[in-house]
Amino acid sequence: FLSKKLGMDAIQFGYLQTIGAAAMFTGSPIFGRIADHYGARYAVIIADLSSLCYYLMVAFASSKYLLFLSQIALCLAHGLPAHQMIASDVSDPKERPDALGKVGMCFGFGMLVGSVLGGWIQASYGEQTTAMISAFGAVLHVMITMMFIPKNTKMYLGNSEDEQKGYKKSSSTSISDAFRLLAYPHVLFLLVLKLVSFLPLGLIQSVISLILMDHFHLGAQANGLMLAYLGVLTTIVQGFFVGYITDLYSQYTVLKYDSMSLIIIYIIMAFTTNLIPYCLAMFLLAMGTDTFQVILSSCLTSLAPESDSGSMIGMIATVEFGIRLISPPIASYLFSIYGITMFGWVGLLSSVLLVLLFASYSEIHIKND
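Every position in the sequence shown, counted from 1, becomes a number in our numbering once 410 is added.
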């Protein structure tokens, strides 16, 4: 709404989103190293202060150029990864999928409530008031963090298991030091799985509103309800289903069979052009992809030493933001030329590749799993 009020057209709004995604992509590995070096509580505070700067710049943006400038503040505004770092620090590998899922559930619920509340405040009092209230929320969260989050959440003590495996705690906060995580066993393979599995999801997410409006011809209210439906699905899957399924089976086993189920789900999407079947397909997709992504993140943090869990989550976020950076133009082109069925075919191709990757790789055993 604010971008339109300041005279931005659709192309400029696309550039605005791209700059924001690029800023978050650039900041992800740095943010992870900061968390490992100074602690996850410090990382949460930095994320809140970055968000505070962004909200204040938006609140006082009097031109579209200032709005573009505000996107730079998003560089370290990694609220979700920061809380995932805390969950990773205080949970053992067996409980980690459920812990990460609960964090995702809380953020999903917050986004749902925030969207409704923000829409009401914006309609009643304007964009500036909405941004100022968001800024107050960031300050409030800093105070809550200082009161309830311990200074050191690491389970790493500088001795024990990590040192016996040859892991060394690094005092560096450089990006190049973060990339040494790729040398740890199985990490590169799992990051490739992350890239392959998240690509079709990133494409769909970048144009879902466009699909609902242009293909299914939903109005603004129906569009909002559909997006809320997808948000509720994600919240339920991450909050309850992930913990339940990992109590029954090992994490790596769930990943393998989940990749097979995604083949069926994307085949359904490839032949779905009506709204009701599409809603069913999105329900199945939410179960499959959310489960896969949460467990994959858990596996990656479990394979890294405790002293580098923040850097690993930063690496995961880098992959996600990188895909979100390139997805909008690619997805828009595919949708305009081939329609919604193309995303099903892209997902099918990625799922088949996932199955082949699992078939060609040895079993990965997660400690305490």
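Yeah, the Cβ is synthetic: ideal placement off N, Cα and C, and Gly gets one too.
Counting only the same chain and skipping the five closest in sequence on each side, list residues whose C-beta sits under 8 angstroms from that of residue i.
i	result
V549	D458, L462
L605	V729, I733
Give the single residue among the options whose Cα lies nearest to the Cα of residue i.
i	options	result
L764	L694, F745, D700, M670	M670
L710	G518, R506, M557	R506
A638	T436, G757, P715, G524	G524
S708	V617, P738, I686, L601	L601
N684	K414, D624, L522, P738	D624
L611	I559, K415, T701	T701
Q494	Y475, S460, V454	V454
C485	G437, I705, T563, P739	G437
S413	F441, Y452, S480, S460	S480
I736	T699, L477, Q427, I723	Q427
V552	Q615, D419, I456	I456
V664	T682, A492, F693, T699	T699
I726	S472, R443, A680	R443
I559	S472, P738, A450, N633	A450
Y448	L527, I496, L706	I496
Taking the C-alpha atoms as reference points, what is the distance between residue i and residue j?
i	j	result
L640	A696	8 angstroms
S660	S772	15 angstroms
I677	L690	13 angstroms
M467	I675	42 angstroms
I554	S760	42 angstroms
G568	S501	With a pLDDT of only 45 at G568, under the threshold of 50, the placement of this residue in the model should not be trusted, and no figure is reported.
E573	S717	Because the pLDDT of E573 is 45, which lies under 50, any placement of that residue in the model is unreliable, and the question is left without a value.
L592	L598	5 angstroms
L766	Y662	15 angstroms
I475	V762	Note on identity: in this sequence residue 475 is Tyr, with Ile being the wrong assignment. Their Cα atoms are separated by approximately 44 angstroms.
G720	H627	43 angstroms
P595	L713	7 angstroms
V704	A492	15 angstroms
K564	S607	29 angstroms
T540	Y465	9 angstroms
F681	L672	14 angstroms
S472	I774	54 angstroms
G424	A509	35 angstroms
P739	I543	33 angstroms
Got a sec? Which residues, its chain only, sit under 6 angstroms from residue i by beta carbon, not counting five neighbours each side?
i	result
T645	M515, G518, F519
L744	M752
M636	L622
G724	S438, P439, F441, G442
Taking 7 angstroms as the limit between beta carbons, can you name the residues of its chain near residue i, skipping five residues before and five after?
i	result
Q538	A469
G732	F435
F768	K666, S669
G417	K474
A433	Q481, I482, L484, C485
S770	none
A741	L613, S616, V617
Handout entry: Those runs of the alpha helix (DSSP H) which lie wholly inside the stretch 640 to 727 and span at least 4 residues
Key = Runs found: 652 to 658, 661 to 680, 685 to 713.
Exercise for the section: Report the residue ranges of all alpha helix (DSSP H) runs contained in full by the stretch 456 to 544; include only those spanning at least 4 residues, in chain order. Expected result: The qualifying runs are 474 to 480, 489 to 500, 506 to 535.
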